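Using the working numbering, the letters of the sequence shown correspond one by one to residues 7 to 82. Built from N, CA and C at the ideal position, the CB exists for glycine as well. Note that the structure is predicted; figures quoted are calculated from it, not measured.
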Amino acid sequence: MPDLVAELSAQAKALPPEDRARLAEELLASLDPHEADVDAAWDAELRRRIDEVERGIVELIPADQAFAQVRQALRR
7 MPDLVAELSA QAKALPPEDR ARLAEELLAS LDPHEADVDA AWDAELRRRI DEVERGIVEL
67 IPADQAFAQV RQALRR
């Protein structure tokens, strides 16, 4: 009987890159279920922030401006 892991690996490598990435994420998440919960929470936060930008609730600023504001706040 051929090695199941080698067989699955060969099949996975034949997938398109996007599907391989999705499979890799799912396999990694299965190793630590708590990590999957954290990832899901971050995904929800990301979607919320994108929605706020798209609806005009928040306004993006250039990174150099953001870093300048942080440096100024830390000097206080």
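In the three-state reduction of the DSSP assignment, Ala20 falls in the coil class. Just so you know, the alpha carbons of Arg54 and Glu65 end up roughly 14 angstroms apart. Under the three-state reduction of DSSP, Pro39 is assigned to helix.
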